[in-house]
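For the record, in the sequence shown the residue sitting at position 103 is 102 according to numbering that gives the first Met the number 0, with numbers rising by one throughout. Reviewing the structure listed below.
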Amino acid sequence: MDKKIIIAIDGYSSCGKSTMAKDLARAIGYTYIDTGAMYRAVTLYAMRHSLIDGDKVDADALAARMDDIRVTFGRDAATGLPFTQLNGENVEHEIRSLAVSAHVSPVAALPFVRSALTRQQQEMGRAGGVVMDGRDIGTAVFPDAALKVFVTASPEVRARRRYDELKAKSMEASFEDILKNVKERDYIDSHREVAPLRQADDAVVLDNSHMTIPEQKEWLLNEFHKATQA
Ligand code: DC
């Protein structure tokens, strides 16, 4: 049997990376790892401990507590779906709120947060057989990944998708607020000093603004077969 590779899926927020990555992982029998969820869980921890005030993060206090923050993934026995745990508590629903989305970029820009989570991600993917989705997987976490995909779509298309997703879960949302949040996160994610969002030189680009989910799946499976047969 072929050696199990590492698949890095990076790109802008809300461009459907996680749906694609999850689908691909299921189809090829790999483990899906949502690294954005890890940054979101650390952000939730900081919010709960009043370490965030407006757009200011108390970096010193958060740094002092990093060893107390454990982010892991569980799997729902009934649905088979993965969920994110913060110190053992299932926080999957809470980390998707607009409040967490609004605060996550400054937390994800902190070098000590990135180095701690990068180390954990490298450990999780060490043996291969993972589809890891994030912003810096192909550039910083696994620069030697056998397949790197960079996903993009227009900010309006992405805001519409996030809006529909929140509405479907009956969560509070306004399209304008979401669009603003998407643009702000694009800016912060691609301009931070440590591991900014950028396309790896050897990544294949997927602009899925006008693609259906089955079309994206077919495209990805094709890239996977090319990478594993190379
Ligand atoms: O994919 P997402 O929207 O759940 O990610 C949440 C935030 O975490 C996003 O604003 C950027 C940050 N992030 C990151 O900096 N590096 C990653 N590997 C994954 C996410």
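Even glycine gets a Cβ: it sits at the ideal position worked out from N, Cα and C. All figures in this text were calculated on a predicted structure; none of them were measured in a lab.
Where residue i falls: helix, strand or coil (DSSP)
i	result
D75	coil
Y186	helix
E88	strand
G127	coil
Y11	coil
D54	coil
L116	helix
I68	coil
I4	coil
F174	helix
K147	strand
Rounded C-alpha distance that separates residue i from residue j
i	j	result
D52	V106	12 angstroms
R95	R159	15 angstroms
V193	A40	19 angstroms
G10	R197	8 angstroms
K21	I177	23 angstroms
R69	L116	10 angstroms
H190	A108	9 angstroms
M37	K179	23 angstroms
E214	G15	13 angstroms
L23	A144	16 angstroms
Cβ neighbour criterion (16 or more within 10 Å) applied to residue i
i	result
T83	buried
Y186	exposed
E91	buried
V148	buried
N86	exposed
R184	buried
N221	exposed
Cβ separation of residue i and residue j, assumed to be a contact under 8 angstroms, to the nearest whole Å
i	j	result
I5	G124	5 angstroms
L62	F141	Looking at the sequence shown, residue 62 is not Leu but Ala. Actually they do not touch by this definition, with Cβ atoms about 25 angstroms apart.
G73	N89	7 angstroms
Any chain C beta carbon closer than 8 angstroms to residue i
i	result
I8	The structure shown has no chain C; it contains just one protein chain.
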